[in-house]
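Structure first, commentary second.
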Amino acid sequence: TQEVMSHVTAHFGKALEECREESGLSAEILEEFQHFWREDFEVVHRELGCAIICMSNKFSLLKDDSRMHHVNMHDYVKGFPNGEVLSARLVELIHNCEKQYDSLPDDCDRVVKVAACFKVDSKAAGIAPEVAMIEAVMEQY
Ligand code: BOM
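Under the numbering used here, the letters of the sequence shown match residues 30 to 170, in that order.
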């Protein structure tokens with residue numbers, strides 16, 4: 030399922046360049062989206078939250094309130110090779126993180142917190158991909 034997560038990340042990450050300008054996320058903070066999973070990359074910048082919102086909106090993964098659209102996210106993940114082994118778990122992990130930060134009013138600040146929580150919990154669950162695994166599937170998208 031690390032394998033599935035590497036496919037999802039490779040595909041999702043393609044939207045980053047389209048979202049750089051409007052999110053204000055500089056290459057100094059995050060050069061390539063797959064580095065999100067690096068051990069030494071800290072998921073802390075508000076601009077990253079804005080970029081994740083913009084990227085997610087390219088695939089209709091959020092509702093109008095910038096919270097996850099459960100059905101669309103499930104279907105998105107299911108669409109990758111072996112996706113059905115990850116889709117329900119990924120939706121559950123993200124939703125559990127959303128609940129912890131629901132009171133933060135700023136969408137970008139909240140989403141970067143949710144993303145950091147998702148990274149920690151995915152590692153704990155053993156489904157966080159290695160950067161090399163993502164790079165190996167990048168050319169497919
Ligand atoms: O409430 C906000 C919901 C947004 C959740 C998105 C979290 C994703 C963090 C970035 C990591 C992405 C890796 C793979 C793609 C998952 C969609």
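C-beta atoms are modelled at their ideal positions from N, C-alpha and C, and glycine is treated no differently.
Cβ-based burial, residue i [other Cβ within 10 Å; buried from 16]
{"i": "residue 158", "result": "buried"}
{"i": "residue 56", "result": "exposed"}
{"i": "residue 155", "result": "exposed"}
{"i": "residue 89", "result": "exposed"}
{"i": "residue 170", "result": "exposed"}
{"i": "residue 67", "result": "exposed"}
Under the three-state DSSP convention, the category residue i falls into
{"i": "residue 91", "result": "strand"}
Rounded C-alpha distance that separates residue i from residue j
{"i": "residue 135", "j": "residue 116", "result": "27 Å"}
{"i": "residue 110", "j": "residue 91", "result": "22 Å"}
{"i": "residue 85", "j": "residue 161", "result": "23 Å"}
{"i": "residue 164", "j": "residue 42", "result": "11 Å"}
{"i": "residue 81", "j": "residue 114", "result": "23 Å"}
{"i": "residue 61", "j": "residue 123", "result": "22 Å"}
{"i": "residue 22", "j": "residue 119", "result": "The requested residue 22 is not part of the displayed model; the chain covers only 30 to 170."}
{"i": "residue 104", "j": "residue 69", "result": "31 Å"}
Own chain, CB closer than 8 Å to residue i, minus 5 neighbours either side, in chain order
{"i": "residue 72", "result": "65, 141, 144, 145, 148"}
{"i": "residue 58", "result": "74, 76, 77"}
{"i": "residue 51", "result": "79, 83"}
N- and C-terminal bounds of the alpha helix (DSSP H) containing residue i
{"i": "residue 111", "result": "First-last for residue 111: undefined, no H or E at that position."}
{"i": "residue 122", "result": "116-129"}
{"i": "residue 140", "result": "136-153"}
Same chain, Cβ closer than 6 Å to residue i, neighbours up to 5 away in sequence not counted
{"i": "residue 139", "result": "130, 133"}
Cutoff 7 Å; reference residue i; Cβ partners in own chain excluding five residues on either side
{"i": "residue 96", "result": "127"}
{"i": "residue 36", "result": "109, 110, 166"}
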